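Asks:
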DNA sequence: AATTCGTGAGCGAACGTTCGTTCACCTCCG
DNA sequence: CGGAGGTGAACGAACGTTCGCTCACGAATT
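Residue numbers (this note's numbering), protein chains in the order written: chain W, 267 to 609; chain Y, 267 to 609.
(1) Which of the three DSSP states, helix, strand or coil, is assigned to residue 438/Y?
(2) May I ask you to report which of helix, strand or coil DSSP gives residue 374/W?
(3) List the residues of chain Y whose Cβ lies closer than 9 Å to the Cβ of residue 318/W, in chain order.
(4) For the segment 522-533 of chain W against the segment 563-573 of chain W, are there 3 or more C-beta pairs whose distance is under 8 Å?
(5) Quick check: the Cα distance between residue 289/W and residue 274/W, rounded to an integer number of angstroms?
(6) Locate the beta strand (DSSP E) running through residue 322/Y, then write down its first and last residues.
(7) State the start and end residues of the unbroken beta strand (DSSP E) segment that holds residue 364/W.
(8) What is the C-beta distance between residue 213/Y and residue 353/W, in whole angstroms, given that I count them as a contact (C-beta under 8 Å)?
(9) In terms of DSSP beta bridges, what is residue 613/Y paired with?
(10) Counting C-beta neighbours from all protein chains within 10 Å, is the total for residue 602/Y 16 or more, i.e. buried, or is it exposed?
(11) Is there a Cβ from chain W that is less than 8 Å from the Cβ of residue 353/Y?
(12) For residue 274/W, would you say it is in contact with chain Y, using Cβ-to-Cβ distances shorter than 8 Å as the test?
(13) Should residue 554/Y be flagged as near chain W, meaning a C-beta pair shorter than 8 Å?
(14) Identify the residues that DSSP records as bridge partners of residue 598/Y: which are they?
(15) Considering only residues of the same chain and omitting the five flanking positions on each side of residue 444/W, which have a CB-CB separation below 7 Å?
(16) For residue 454/Y, which three-state DSSP category applies?
(17) On a CA-only basis, which of 422/W, 335/W, 433/W, 369/W is nearest residue 390/W? Give me that one, please.
(18) Indicate the three-state DSSP secondary structure (helix, strand or coil) for residue 285/Y in the structure shown.
(19) Between residue 561/Y and residue 432/Y, how many whole angstroms is the CB-CB distance? I'm expecting something under 8 Å.
(20) Starting from residue 528/W, trace the alpha helix (DSSP H) in both directions and tell me its first and last residue.
(21) Nearest-angstrom Cα distance between residue 440/W and residue 473/W?
(22) Could you say which of 600/W, 486/W, 313/W, 409/W lies nearest to residue 512/W if we only look at CA atoms?
(23) Quick check on residue 609/Y: does DSSP put it in helix, strand or coil?
(24) Quick one, which of 308/Y, 328/Y, 272/Y, 302/Y has its alpha-carbon nearest residue 272/W's?
(25) Suppose the cutoff is 6 Å on Cβ atoms and the five residues either side in sequence are ignored; what does the same chain contact list for residue 446/Y look like?
(26) What do you reckon, are the CB atoms on residue 502/Y and residue 537/Y nearer than 8 Å?
(27) Can you give the Cα-Cα distance for residue 404/Y and residue 395/Y, rounded to whole angstroms?
(28) From which residue to which residue does the beta strand (DSSP E) around residue 490/Y run?
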């Protein structure tokens, strides 16, 4: 209780020097101070328990060494993987991370702009947006454009904010191609919310691949869900009911895949013998589901790191490409799809 | 590029008032200003795109409105659930959250103190520690004790830091009792790292319950793992190999349970018919595993909220109880344990 | 007509730093 | 022995706010 931080002035007084000199020794760079005084200052700082006040420092330097992270409710494992990667990459480079999580998809990302404003008022040096909900939030876009360097994982209406991500249509293509190569002809898909770009891109990949193989995509085969295991289970039930001939499912994330696997089994079918499943993400648990989940690996941790790098460059004034920086995805074959293709 | 924030002085100049008056209107409380001037100031702020600088505000108010969160690598789903809850609870009360994630358990939590120092230098108003790795880190403990109000989810060596959590021994007891009530006599357990207090508490509950039922706990039945699905799978394999008579397993978290389920099945046994499984946490996916995972629900989101409340009280100077605040746990019965007890 | 009061606004100081400049003193050199 | 040069440290200003006090002015009260 009654804790008080000691300021550099008190340290200086104790060491018998001006506070500016103490500042040079304790925090500043080029020293121009005799070893003895320096030692005296350091000793004083130590016995008083001095901790530099970065708030004051930020004020004069006009930089906080802090990055803001706008994340969608990171109960979503994928997002949380990404956030951790971002924070660790940032800290390695001397930056701290201030987070704001949006509420569920339900409230329409209403508070995205509030969070960004909060970050701006706290004068973060840059913002990383990782929230599909803001894909079409023009208010957020406008704030990011005009106030602070930013990088987004998702499309930003109006542009001018660098985007980083993965080739999502490729994700849909890889999964679908693999299922086709196993001889499947009735391939359903359990997706995230249709209005998300990720979802539409993946669907584009899925549909194009089907057409390339001479199969006509059908509405009944595409079931919208909400990224959660429960949603995935419900969607799978619906799919099998609407199109009982379905022999394969492409699921848009691993969390939903958990639910899909369980729903398929509960419907009395075997995976992969009766229904093959391929998903997206490759979360750490995917390998250990029963059966092992085949999934298109999205390099979330790497994306986080690259996002930080990109943002830091942009903070340092480098002008960054308008073209999205896309990291490659990779199909990881396990058991749920029936193993390696056999053609 | 070349973005510059406009300060309140520029707003004031444009509105033709002193900057202190502008401050009163835009950020301050009690107004004492005529409606017309107020309107003029607000208008000027709007056209200039003024955003208050909380850095400067923090400096004079000696409070940042920011909470620090020291979290263990939140790739762990449970921790990430907790962090999200903390951040949302904090923001609801006007606080932002600055996070620091420790590296894997491997590097011994070496950087825990670094993170806390970083938080302190950024002058967070309080710190929430959610990292088992720091359970016996005296340096972190000392920092928390002397510099900043804090609340921890785990024991803090030397005390004086309020602790919040769940009754962990109860967790072990509930799970074990339920398995015994199903008639199981050879009950193994797949645990987190032995050196963690959570683990030891749960083991205490497990052993005590076995003894109460006249069963002698045996070392071979307790297998240490690392909280991950992969670790859980390996541990389960080892357990079934060492004690093939095992008919039930108590797993220390849902992530490992995923691996345990898969390892049991791969060993040619059925869950729950041959081997019953009960776990801890109740993550959103637990319900949707195959079979549905019975698990002792740990109220992580609620714990996060309570942690924030407790911390805020402590920041406001309330002296808080030395006794850990423990939230109740609850056994959720699904299929992996064989359903409700039938005695 | 003299005094009090309230209202609207200005002003100085402080928060804890960093940064660039100035200053005092000593040594060395011609 | 006088000035140049170098070294160690002090000093003033600024960063963008909040907070408490002062001040001018007009209306209301005596």
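By construction, the Cβ of each residue, glycine as well, lies at the ideal position given by its N, Cα and C atoms. Given the structure is predicted, the values throughout are model-derived calculations rather than measurements.
Replies: The short version:
(1) In this structure, DSSP gives residue 438/Y a helical state, which the three-state scheme calls helix.
(2) Because residue 374/W carries a pLDDT of 48, less than 50, the predicted location of this residue cannot be relied on, and no value is offered for it.
(3) Within 9 Å of the CB of residue 318/W, the CB atoms of chain Y belong to 387, in sequence order along the chain.
(4) No: the two stretches stay apart, fewer than three of their Cβ pairs being nearer than 8 Å.
(5) Rounded to the nearest angstrom, the two C-alpha atoms are 7 Å apart.
(6) Unbroken run through residue 322/Y is the alpha helix (DSSP H), 320-327; no beta strand (DSSP E).
(7) Element bounds for residue 364/W: 362-367.
(8) Within the shown structure, residues of chain Y are numbered from 267 to 609, placing residue 213/Y beyond reach of any answer.
(9) Only positions 267 to 609 of chain Y appear in this structure, which leaves residue 613/Y out of reach.
(10) Answer is buried; the Cβ neighbour count reaches 16.
(11) Interface residue, yes.
(12) Nearest CB-CB separation between residue 274/W and chain Y: not below the 8 Å threshold.
(13) The beta carbon of residue 554/Y falls within 8 Å of a beta carbon belonging to chain W, placing the residue at that interface.
(14) In the DSSP output, where bridge partners are listed per residue, residue 598/Y has 561/Y.
(15) These residues qualify, in order along the chain: 544, 597, 603, 607.
(16) In the three-state DSSP reduction, residue 454/Y falls in the strand class (E or B).
(17) For residue 390/W, the closest C-alpha among the options 422/W, 335/W, 433/W, 369/W is that of 335/W.
(18) Under the three-state reduction of DSSP, residue 285/Y is assigned to helix.
(19) In fact, because the Cβ distance is near 13 Å, the residues do not count as touching under 8 Å.
(20) For residue 528/W, the enclosing alpha helix (DSSP H) stretches over residues 520-532.
(21) Approximately 12 Å between the Cα atoms of the pair.
(22) Restricting attention to 600/W, 486/W, 313/W, 409/W, the CA atom closest to the CA of residue 512/W is found in 486/W.
(23) Because the pLDDT of residue 609/Y is 47, which lies under 50, any placement of that residue in the model is unreliable, and the number read from its coordinates should be weighed accordingly. DSSP, reduced to helix, strand and coil, places residue 609/Y outside both helices and strands of the structure shown, so it counts as coil.
(24) The candidate whose alpha carbon is nearest that of residue 272/W is 328/Y.
(25) 479, listed in sequence order.
(26) Not in contact: residue 502/Y and residue 537/Y (Cβ atoms no closer than 8 Å).
(27) Per the coordinates, the alpha-carbon of residue 404/Y lies some 14 Å from the alpha-carbon of residue 395/Y.
(28) For residue 490/Y, the enclosing beta strand (DSSP E) stretches over residues 488-490.
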